[in-house]
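Count along the sequence shown from 1, add 11, and you get the number used in this note's numbering. For reference, the structure is listed below as structure tokens.
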Amino acid sequence: MKKILLFVMGLVMNMVPVMAEGTTYSAEYVNLGHQSAVIYQPTTKTTKTGIGVVVMHSDEDYMGFLPNPELAKRGYTVIATAPKEGKLISEKLLNIKACVAYLRQQPDIKKVILLGHSGGATVMTAYQLVAEKGKEAFEGKLYNDWSEKLANLPKADGVMLLDANFGNSVMTLLSLDPNITEQDKGNNVTVRYNLKDTVNGYVAGGNSVYKNSFVSNYNQAQRSRLLTLMAMANERLALIEAGKGKFSDDEPFVVAGAAQMRFYNKLFPQDLSLLSHTKQAWPIIKADGSIKNEIVKSVRAPFGMIGISERLTASLNTTVRGFLSTCAITTDANFRVNEDGLQGIHWTSNINNPIGNSEGITVPSLFMGMTGSYEYLAAEEIYHHSASTDKTIAFVEGASHNFTPDRDAEKYNNTSYGNTVKHLFDYVDNWLDSRFNK
Numbered sequence: 012m013k014k015i016l017l018f019v020m021g022l023v024m025n026m027v028p029v030m031a032e033g034t035t036y037s038a039e040y041v042n043l044g045h046q047s048a049v050i051y052q053p054t055t056k057t058t059k060t061g062i063g064v065v066v067m068h069s070d071e072d073y074m075g076f077l078p079n080p081e082l083a084k085r086g087y088t089v090i091a092t093a094p095k096e097g098k099l100i101s102e103k104l105l106n107i108k109a110c111v112a113y114l115r116q117q118p119d120i121k122k123v124i125l126l127g128h129s130g131g132a133t134v135m136t137a138y139q140l141v142a143e144k145g146k147e148a149f150e151g152k153l154y155n156d157w158s159e160k161l162a163n164l165p166k167a168d169g170v171m172l173l174d175a176n177f178g179n180s181v182m183t184l185l186s187l188d189p190n191i192t193e194q195d196k197g198n199n200v201t202v203r204y205n206l207k208d209t210v211n212g213y214v215a216g217g218n219s220v221y222k223n224s225f226v227s228n229y230n231q232a233q234r235s236r237l238l239t240l241m242a243m244a245n246e247r248l249a250l251i252e253a254g255k256g257k258f259s260d261d262e263p264f265v266v267a268g269a270a271q272m273r274f275y276n277k278l279f280p281q282d283l284s285l286l287s288h289t290k291q292a293w294p295i296i297k298a299d300g301s302i303k304n305e306i307v308k309s310v311r312a313p314f315g316m317i318g319i320s321e322r323l324t325a326s327l328n329t330t331v332r333g334f335l336s337t338c339a340i341t342t343d344a345n346f347r348v349n350e351d352g353l354q355g356i357h358w359t360s361n362i363n364n365p366i367g368n369s370e371g372i373t374v375p376s377l378f379m380g381m382t383g384s385y386e387y388l389a390a391e392e393i394y395h396h397s398a399s400t401d402k403t404i405a406f407v408e409g410a411s412h413n414f415t416p417d418r419d420a421e422k423y424n425n426t427s428y429g430n431t432v433k434h435l436f437d438y439v440d441n442w443l444d445s446r447f448n449k
């Protein structure tokens with residue numbers, strides 16, 4: 012194997028271990044067969060090194076992601092990889108399988124834990140759900156991704172979801188531009204639902220306060236568009252399966268104004284009253300490291316509209332099967348974004364969100380949210396749906412979606428949130444050590 016010196020967010024070739032805060036760890040490239048991965052391990056082995064953590068996102072390359080060295084510094088083994096470039100969730104699960112299988116083959120690894128962040132929570136929970144339930148996991152879903160390749164997936168011993176979002180399907184729904192008039196054309200838009208109209212509550216350069224009626228109408232227009240897209244995709248799938256499609260197996264499916272990155276999320280980045288607090292009191296790690304039990308509030312700063320639907324970068328470039336696998340979800344007529352979460356979503360209607368998936372996962376589970384963003388509220392919903400009898404929930408005040416202190420939030424609130432990275436991973440360390448280092 013080729014040694015790699017890997018700093019927090021980038022890979023640099025070298026032949027020496029990494030030095031970090033007085034502790035050394037190594038990062039080594041490993042070939043899993045048409046799949047690259049990086050193994051992180053502390054150079055001084057302890058019993059904690061026998062706990063292996065698998066890290067992967069649904070779409071991004073996480074081989075240089077922050078948790079990898081942070082966990083290795085604390086004594087754990089980490090294997091990080093990138094997802095398959097295919098569009099189906101089932102294809103991505105095979106990447107996770109390769110990592111779990113690799114760790115299981117190592118004689119010093121006693122436990123294997125899945126770590127899902129953001130969209131990674133979708134694929135990690137989908138993996139564990141299928142590993143525990145098999146083919147049954149796909150029964151009654153809007154799209155059935157099952158194949159015999161997914162039979163007998165090696166189970167993980169635990170799941171950690173760190174600032175999971177609401178699921179790839181739901182984040183797509185929340186990012187849909189309802190002003191698009193032709194589904195695959197970004198330059199055909201109306202201004203019926205104008206987020207930048209002061210009449211609707213928009214405040215330029217500040218925190219918008221959208222009218223309740225506008226939020227409801229906007230969300231309903233997003234839902235209507237999703238229903239249209241799902242009908243289109245199902246119509247094309249029927250033609251493909253009848254041998255009348257553009258290709259024999261799948262077709263391109265371009266959706267204008269549907270990218271789910273932060274720049275394209277709608278309503279709640281601009282209006283801080285939406286997704287602003289939990290329903291219940293939960294443990295939250297404060298800036299000084301103390302833990303208090305309270306209603307958890309988002310401390311994020313308002314984020315202005317940057318994404319423009321007329322650009323190709325704002326579109327979702329997928330396939331018919333990929334759209335149904337990743338984006339299709341059932342919603343009710345009362346779907347909307349509220350102060351304390353989302354309503355009107357059938358979480359178990361597809362396998363593309365961690366909330367519904369968690370209903371079939373029984374292993375010990377940790378759910379943590381970062382209050383410098385808005386994804387943090389998903390942790391509460393996942394916790395309530397989780398079937399695990401050993402589940403833990405906690406939050407980190409002022410941490411950004413990627414775990415570092417959210418500088419915009421600090422500036423907006425005129426405060427400092429301390430060493431959020433240390434607070435988070437010390438908590439994770441304690442959770443892992445107390446359950447699996449025996």
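Built from N, CA and C at the ideal position, the CB exists for glycine as well.
(message) Three Cβ pairs or more, each shorter than 8 Å: is that satisfied between the stretch 355-373 and the stretch 146-154?
(response) yes
(request) Please classify leucine 443: is it buried, with 16 or more other beta-carbons within 10 angstroms of its beta-carbon, or exposed? (result) Residue 443 sits at position 432 when you count from the first residue of the sequence shown. So leucine 443 ends up on the buried side.
(request) State yes or no: is the C-beta of alanine 232 within less than 7 Å of the C-beta of proline 280? (result) The residue you call residue 232 lines up with position 221 of the sequence shown. The residue you call residue 280 lines up with position 269 of the sequence shown. No, Cβ-Cβ distance for alanine 232 and proline 280 is not below 7 Å.
(request) Hey, could you find the ends of the alpha helix (DSSP H) asparagine 441 is sitting in? (result) As a first step, residue 441 must be located in the sequence shown, where it is residue number 430. Note, asparagine 441: alpha helix (DSSP H), 431-447.
(request) Select from Tyr36, Ser180, Ala142 and Ala91 the residue whose C-alpha is nearest the C-alpha of isoleucine 356. (result) Within the sequence shown, the letter at position 345 stands for residue 356. It is Ser180.
(request) Buried or exposed for glycine 169, please, with buried defined as at least 16 other CB atoms from any protein chain shown within 10 angstroms of its CB. (result) Numbered from its first residue, the sequence shown carries residue 169 at position 158. Classification of glycine 169: buried, given that the 10 Å Cβ count is 16 or more.
(message) Between which residues of its own chain and phenylalanine 225 is the CB-CB distance below 6 Å, once the five residues before and five after are set aside?
(response) The residue given as residue 225 occupies position 214 in the sequence shown. Cβ neighbours of phenylalanine 225 beyond the five flanking positions: Asn211.
(request) Could you name the residues that DSSP lists as bridge partners for leucine 285? (result) As a working note, residue 285 is residue 274 in the sequence shown. None; leucine 285 has no bridge partner.
(message) Rounded to whole angstroms, what is the Cα-Cα separation between methionine 171 and asparagine 424?
(response) Walking along the sequence shown from the start, residue 171 turns up at place 160. Walking along the sequence shown from the start, residue 424 turns up at place 413. Whole-angstrom Cα-Cα distance: 29 Å.
(request) Kindly indicate the opening and closing residues of the alpha helix (DSSP H) around phenylalanine 258. (result) For the purposes of this step, residue 258 is taken as the residue at position 247 of the sequence shown. Per DSSP, phenylalanine 258 belongs to no alpha helix (DSSP H) and is neither H nor E.
(message) What ranges does the beta strand (DSSP E) occupy inside the stretch 306-367, keeping only unbroken runs of at least 3 residues that lie completely in it?
(response) 327-330, 341-349 and 352-357
(message) If you reduce the DSSP assignment to three classes, tell me which class leucine 377 lands in.
(response) Translated into positions along the sequence shown, residue 377 becomes position 366. Strand, per DSSP.
(request) Would you mind sorting phenylalanine 258 into buried or exposed? The rule is 16 or more other CB atoms within 10 Å of its CB. (result) The residue labelled residue 258 in the question sits at position 247 within the sequence shown. Flag for phenylalanine 258 reads exposed.
(request) List in chain order: all unbroken beta strand (DSSP E) runs of 3+ residues lying wholly within the stretch 126-187. (result) 169-175
(request) Excluding the 5 residues preceding and the 5 following tyrosine 87 in the sequence, name in chain order all residues of the same chain whose CB lies nearer than 6 Å to its CB. (result) The sequence position of residue 87 within the sequence shown is 76, counting from 1. Contacts found: Lys59, Ile62 and Val64.
(request) Using alpha carbons as the reference points, say which of Thr415, Asn363, Val141 and Gly254 lies closest to leucine 105. (result) Here the question's residue 105 lines up with position 94 in the sequence shown. Closest option to leucine 105, Cα to Cα, is Val141.
(request) Kindly identify the DSSP beta-bridge partner or partners of alanine 298. (result) Residue 298 sits at position 287 when you count from the first residue of the sequence shown. Alanine 298 pairs with nothing; no bridge assigned.
(message) Which residues does DSSP list as the beta-bridge partners of alanine 91?
(response) Counting from 1 along the sequence shown, the entry for residue 91 is found at position 80. Answer is Val49 and Val66.
(request) Compare the C-alpha of methionine 131 against each of Phe76, Ile120 and Ala83 and name the closest. (result) On the sequence shown, residue 131 is found 120 positions in, with the first residue counted as 1. Sequence check: residue 131 is glycine here, not methionine. Glycine 131 has its Cα closest to that of Phe76, out of Phe76, Ile120 and Ala83.
(request) Tell me whether asparagine 211 sits in a helix, a strand or coil according to DSSP, three-state version. (result) Sequence index remark: in the sequence shown, residue 211 carries index 200 (1-based). Asparagine 211: helix per DSSP, three-state reduction.
(message) Quick check: the Cα distance between isoleucine 362 and glutamine 139, rounded to an integer number of angstroms?
(response) Locating residue 362 in the sequence shown gives position 351, counting from the first residue. Locating residue 139 in the sequence shown gives position 128, counting from the first residue. Distance between the alpha carbons of isoleucine 362 and glutamine 139 is about 11 Å.
(message) Rounding to the nearest angstrom, what Cα-Cα distance links methionine 316 and threonine 35 in this structure?
(response) Position 305 of the sequence shown, counting from 1, holds the residue named residue 316. Position 24 of the sequence shown, counting from 1, holds the residue named residue 35. Whole-angstrom Cα-Cα distance: 42 Å.
(message) On the CB-based measure, 16 or more other CB atoms within 10 Å of its CB, does isoleucine 306 come out buried or exposed?
(response) Your numbering for residue 306 matches position 295 in the sequence shown. With fewer than 16 other Cβ atoms within 10 Å, it is exposed.
(request) With distances taken Cα to Cα, identify the nearest neighbour of alanine 93 among Val214, Val66, Asn218 and Pro313. (result) Stepping through the sequence shown from its first residue, residue 93 is reached at position 82. Nearest option by C-alpha distance: Val66.
(message) Please return the same chain residues whose Cβ sits closer than 7 Å to the Cβ of asparagine 448, not counting the five positions on each side in sequence.
(response) Translated into the one-based positions of the sequence shown, residue 448 becomes position 437. Here the set comprises Thr58, Lys59 and Ile62.
(message) By alpha-carbon positions, which one of Ser336, Thr342 and Leu173 ends up nearest to aspartate 156?
(response) Locating residue 156 in the sequence shown gives position 145, counting from the first residue. Answer by Cα proximity: Ser336.
(request) Look up lysine 422 in the DSSP assignment and say whether it is helix, strand or coil. (result) Your numbering for residue 422 matches position 411 in the sequence shown. Looking at lysine 422 - three-state DSSP - the assignment turns out to be helix.
(request) Give every residue of the same chain whose Cβ lies closer than 6 Å to the Cβ of leucine 164, excluding the five residues on either side of it in the sequence, and list them in chain order. (result) Residue mapping note: residue 164 aligns to position 153 of the sequence shown, counting from 1. The residues are Lys108, Val141 and Ala142.
(message) Could you compute how far the alpha carbon of phenylalanine 334 sits from the alpha carbon of alanine 244?
(response) The sequence position of residue 334 within the sequence shown is 323, counting from 1. The sequence position of residue 244 within the sequence shown is 233, counting from 1. Whole-angstrom Cα-Cα distance: 7 Å.
(message) I'd like to confirm the pairing. Which residues does DSSP put opposite lysine 303 in its beta bridges?
(response) Reading the sequence shown from its first residue, position 292 is the one you call residue 303. Per DSSP, Ile295.
(request) Go ahead and label leucine 327 buried or exposed: buried means 16 or more other beta carbons lie within 10 angstroms of its beta carbon, across all protein chains shown. (result) The sequence position of residue 327 within the sequence shown is 316, counting from 1. Counting Cβ neighbours within 10 Å, leucine 327 comes out buried, since at least 16 surround it.
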